[in-house]
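Engineer: Just so it is clear: in the sequence shown, position 147 is 158 by my numbering, and no numbers are missing.
Idealized CB from N, CA, C, for every residue including glycine.
One structure, as structure tokens, below. Some questions next.
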Amino acid sequence: MKIELKKVEDVDLQDRTVFVRVDYNVPLDNAIIVDTTRIDRSLPTLDLLLDKGAKVILASHLGRPKGIKESRFSLAPVAKYLTRYANEDVPLIENYIEDSGASVREALANHRIVLLENLRFYEEEKKGDAEFAKTLASFADIYVNDAFGTSHRAHASMAGVPKHIPGYAGLLLRHEIDNLSRILNIKDADRPFICVLGGAKVADKIPIISNLLERADIIMIGGGMAFSFLKCQGMNVGSSLVNDNSVDECRYILEKAQRLGIDFVLPMDVVIAPGVSSQTGENVDVDNIPHGMMGLDIGQETREVFISILQNARTIFWNGPMGVFEEEPFRKGTDMLAKAISACDAFSVIGGGDSVVVVNELGIADDFDHISTGGGASLEFISGVNLPGIAALLD
Ligand code: ADP
Ligand code: MG
């Protein structure tokens, strides 16, 4: 299956206004951008549009505000970063819905680039509201999707805006699709295909694993994701991260894996502590997690087993940290796994905001064949799920 998207390079953009949906959902620490990968990856598209004489409206979400304006979810740090990059003022536009775009038009009279404040400050964005999408579309002549990381969401700025103005794929989106298609259309010569999944977005990611079982040869689970699976096997997981709504689904996935003959590898030991701020952790077997303790990293034996299985891989997809890597005592599993994957000969792809932070911190990003800007989106794409943001460009 080859996905052919309309290229924005082929369009005359002189004096046209382009609405670019980017994914600037960057990790922040007190309004400081911890990792700028997602912004940096969108800059070639921005440069291309400016070179072609376009005016550019950049729009993104950040975090998960619940439809209200909260300053900790402001894109102001991103506007500052872009201003420095472009060497010209990139204003951050607020209240653009309330004024029906008057502030956007006014800013574009004097600027080539403007950034809209967090789209999720409006609850209509996540609801995929048609009127909201129409208002956003009225700001521009042309729509470009360069937000691969959000393309699995049928949100207004993803699937709605290109219903009103012509929609094109940006350079980042096409690069992602080209690379991830190698896994989506995996050839026998590229097997075994091993997936390593972790992280904390359990409810979002568990439903996808069922699809992934039809493509992968081996799936290894670490991070917060593991505990819903361990719990469904009757294990006592203490106060580890568990999504109780996912437990039935986990049971179904384990049964399906067995039926299909897919190796589904769960941790055999974990590092536990009373909480994420603990100074040290203790390595215990998974059937020995005391009441009140949290599993915060995969244990030593699990690390060794995961790494030895990886040695046979021809293709590796990794999404989601193996533990709470933000805290020193719980980052060893993630670090070791990242280094092991980077050293493998396999075609290696890593996806996800947090997983990417880790490989950047370790300075091994260049050792991966592809670093995807999407976690959930890359997982859905390689699983064969139709992504609404991409489908909207094909209509
Ligand atoms: P990605 O951004 O790579 O797609 P997620 O957003 O799903 O990954 O998850 C990343 C988060 O998962 C990190 O903040 C990390 O601290 C957290 N995490 C990993 N393992 C655990 C665990 N055992 N318990 C709680 N949180 C965890
Ligand atoms: Mg994340």
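For A70, which residues does DSSP report across the bridge?
Structural biologist: Beta-bridge pairing links A70 to R32.
Engineer: Just grab the DSSP bridge partners of Q283 for me.
Structural biologist: Position check: residue 283 holds Ile in this sequence, whereas Gln was assumed. DSSP, once it has assigned bridges, lists E293 and G306 as partnering I283.
Engineer: From this set, G209, M169 and S162, which residue's C-alpha is nearest G139's C-alpha?
Structural biologist: Measuring from the Cα of G139, the nearest candidate turns out to be M169.
Engineer: What whole-angstrom Cβ distance do F326 and F358 have, given they're in contact under 8 Å?
Structural biologist: For the sequence presented, residue 326 should be read as Thr rather than Phe. Confirmed, Cβ separation roughly 5 Å.
Engineer: Cβ of G78 within 7 Å of any heavy atom in the ligand MG?
Structural biologist: Not under cutoff, so the answer is no.
Engineer: Where DSSP assigns a beta bridge to G362, which residues make up the other side?
Structural biologist: DSSP, once it has assigned bridges, lists N330 and S383 as partnering G362.
Engineer: Which residues neighbour the ligand MG when neighbourhood means a C-beta less than 5 Å away from any of its non-hydrogen atoms? List them by chain order.
Structural biologist: Residues flagged by the Cβ proximity filter: G364 and D365.
Engineer: Would S389 pass as a contact of G362 if the rule is Cβ separation under 8 Å?
Structural biologist: Yes; because the gap between Cβ atoms is below 8 Å, this pair is in contact.
Engineer: Indicate, with yes or no, if the ligand ADP has a heavy atom lying under 7 Å from the CB of K212.
Structural biologist: True, at least one ligand heavy atom lies under 7 Å from that Cβ.
Engineer: Check for me: the beta strand (DSSP E) holding N156 runs from which residue to which?
Structural biologist: Start and end: I153 to D157.
Engineer: If you draw a straight line from the alpha carbon of I375 to that of E337, how long is it in whole angstroms?
Structural biologist: Rounded to whole angstroms, I375 to E337 spans 17 Å at the Cα level.
Engineer: Among the residues of its own chain, which have a CB less than 8 Å from the CB of N256, if the five just before and after it don't count?
Structural biologist: Cβ neighbours of N256 beyond the five flanking positions: A214.
Engineer: Among G78, S111 and Q322, whose alpha-carbon lies nearest the alpha-carbon of N129?
Structural biologist: For the residues G78, S111 and Q322, the minimum Cα distance to N129 belongs to G78.
Engineer: How many angstroms separate the CA atom of C243 from the CA atom of D259?
Structural biologist: For C243 and D259, the distance between alpha carbons rounds to 7 Å.
Engineer: Just tell me which of R75, A70 and E81 has its CA closest to the CA of A90.
Structural biologist: Closest by alpha carbon: A70.
Engineer: Given this structure, state the Cα-to-Cα distance separating D152 from R116, to the nearest angstrom.
Structural biologist: If I take the Cα positions, the gap works out to 12 Å.
Engineer: Is the beta carbon of D378 less than 8 Å from the beta carbon of S353?
Structural biologist: Contact: yes.
Engineer: For F204, list the residues DSSP reports as bridge partners.
Structural biologist: DSSP, once it has assigned bridges, lists T326 as partnering F204.
Engineer: Helix, strand or coil: which one does DSSP assign to I456?
Structural biologist: The structure shown does not extend to residue 456, since the chain is modelled only from 12 to 406, so the question has no answer here.
Engineer: What separation, rounded to the nearest whole angstrom, lies between the Cα atoms of G245 and L223?
Structural biologist: For G245 and L223, the distance between alpha carbons rounds to 24 Å.
Engineer: With respect to 7 Å, is the separation between the Cβ of P332 and the closest non-hydrogen atom of the ligand ADP below this value?
Structural biologist: Yes; taking the cut-off as 7 Å, the Cβ of P332 has a heavy atom of the ligand ADP nearer than that.
Engineer: Is the beta carbon of G234 within less than 7 Å of some heavy atom of the ligand ADP?
Structural biologist: Yes, since a heavy atom of the ligand ADP falls inside the 7 Å radius drawn around the Cβ of G234.
Engineer: Less than 8 Å between C-beta atoms, sequence neighbours within five positions excluded: which residues of the same chain meet that for L24?
Structural biologist: If we look at L24 and ignore the five residues flanking it on each side, its Cβ neighbours are L60, K63, G64, A65 and I153.
Engineer: Helix or strand or just coil, what does DSSP make of K13?
Structural biologist: Reduced to three states, the DSSP call for K13 is coil.
Engineer: Do I220 and I230 come within 8 Å of each other at the CB atom, strictly closer than that value?
Structural biologist: Closer than 8 Å, so yes.
Engineer: Taking D280 and V297 to be in contact with their CB atoms under 8 Å, please state how far apart those CB atoms are, rounded to whole angstroms.
Structural biologist: 6 Å between Cβ atoms; contact.
Engineer: Name the residue from L373, T94 and D189 whose alpha carbon lies nearest to the alpha carbon of A351.
Structural biologist: That would be L373, whose Cα lies nearest to the Cα of A351.
Engineer: If you drop the 5 nearest sequence neighbours on each side, which residues of the same chain put their C-beta closer than 8 Å to that of L119?
Structural biologist: Closer than 8 Å at the Cβ level, and outside the excluded window around L119, lie T28, K66, I68 and V125.
Engineer: Going residue by residue through the stretch 165 to 214, where are the continuous alpha helix (DSSP H) segments of at least 4 residues, counting only ones entirely within it?
Structural biologist: Whole alpha helix (DSSP H) segments, 4+ residues: 182 to 195.
Engineer: If we count the other Cβ atoms within 10 Å of its Cβ and call it buried at 16 or more, is R185 buried or exposed?
Structural biologist: Looking at its Cβ environment, which holds 16 or more other Cβ atoms inside 10 Å, R185 is buried.
Engineer: DSSP has L39 in a bridge; who is on the other side?
Structural biologist: Bridge partners of L39: I44.
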